[in-house]
Structure formats: C-alpha cells, structure tokens
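Novice: Okay, here's the structure, questions in a sec.
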Amino acid sequence: MAKVRVNKNSLEYPREARRTLKPSYDPETFGRWSEKFARFLGTARFLVFMTTFVLFWVIWNSLAPEDLKFDHYPFIFLTLLLSLQASYAAPLILLAQNRQADRDRIQGNEDRERDERNMADTEYLTRELASLRTALSEVTTRD
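This note's numbering applies: residue 54 is where the sequence shown begins, and numbers increase by one.
What follows is the structure in structure tokens.
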C-alpha cells in the first residue's frame, strides 16, 4: 500500500509558532490601552497634574537663579513638550472614539433585532388574543 505524502508547506496545515525578532502588534490590546489613556486625559487628576507641571515649569524658569534655568522666557522646550503630547493624544482619543462608535453600532443593531423580535411576539399575542375573543363570543352566542 502506498503512503500518503503530506505537504507541510500546504496552506491546509497551520505552521508551528516560531519566535521572531519583529515586535508583535495586537490591535485589540493597543485599542484598550488607547481607551484607558483617553479616559485618563479626561479626568480632573490629569488636569491638576498638567496645571501643576506647567506652573512649576514656568515659575522655576522665571524665578530660579540664572545658572539653574533650563528653558528661558519664551519657554520653547515647554511648548515643544506640550505640542508633542497633543500630537500623540489627539490620534489616541480618535482611536478610542472610533472603538466606542463601533461598540455603539453593534449595540444598536442588537437592540434593533431585539425590538423586532419583541414586536413579532406582541403581534402574535395580539392575534392569539383576538382569536380567543372570537372563540369566546361564539361560545356565548350559542347559549
């Protein structure tokens, strides 16, 4: 009897997991992280932290001795840091909003399907109730 030869390179068989030097990217994990980050940006704790940070930065670079100042009056480095933070925060907030919109759309579809089922059940019960009334009126008219 001939042996059946299995081609391991075929797409019908999964490959064994191999270690790779490439970093892996899981969009779901990144999405959850971006939602947590966006949620943190909307808290009072973040606003207090940023206000304290900026006030400390400005006061330090305005009132400290000249040799201890690291960002003089126009505060260019502070502006750079705030711009960098905003450039990362905006896309992460948009990503979190998109994920929320996807969840809302799915929930809306499920609600619509449930409403359709409830409407069908209500119509069925209405028809049954009408047939019972008809049958009951026939019974009472015979007597």
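Every residue, glycine too, gets a C-beta built ideally from N, C-alpha and C.
Just to confirm, are S87 and L145 a CB contact at a threshold of 7 angstroms?
Specialist: For this step, residue 87 is matched to residue 34 along the sequence shown. For this step, residue 145 is matched to residue 92 along the sequence shown. In contact: S87 and L145 (Cβ atoms closer than 7 angstroms).
Novice: Three-state secondary structure (DSSP) at E65?
Specialist: Counted from its first residue, the sequence shown places residue 65 at position 12. In the structure shown, E65 sits in coil (DSSP, three-state: anything other than H, G, I, E or B).
Novice: Consult DSSP for T105 and reduce its assignment to one of helix, strand or coil.
Specialist: Residue mapping note: residue 105 aligns to position 52 of the sequence shown, counting from 1. Three-state DSSP puts T105 in a helix.
Novice: When burial is assigned at 16 or more other CB atoms within 10 Å of the CB, is A183 buried or exposed?
Specialist: In the sequence shown, counting from the first residue as 1, residue 183 sits at position 130. With fewer than 16 neighbouring CB atoms inside 10 Å of its own CB, A183 falls in the exposed class.
Novice: So the candidates are V101, M172, L148; which of them puts its Cα closest to the Cα of A91?
Specialist: Counting from one through the sequence shown, the residue named residue 91 turns up at place 38. When only C-alpha atoms are compared, the closest one is L148.
Novice: Hey, could you find the ends of the alpha helix (DSSP H) A70 is sitting in?
Specialist: Numbered from its first residue, the sequence shown carries residue 70 at position 17. First-last for A70: undefined, no H or E at that position.
Novice: Is W110 closer than 7 angstroms to L131 when the C-beta atoms are compared?
Specialist: The residue given as residue 131 occupies position 78 in the sequence shown. The residue given as residue 110 occupies position 57 in the sequence shown. Yes, these two residues count as a Cβ contact at 7 angstroms.
Novice: If I follow the unbroken alpha helix (DSSP H) through T82, where does it start and stop?
Specialist: Locating residue 82 in the sequence shown gives position 29, where the first residue counts as 1. It spans 80-94 - the alpha helix (DSSP H) in which T82 sits, taken as one unbroken run.
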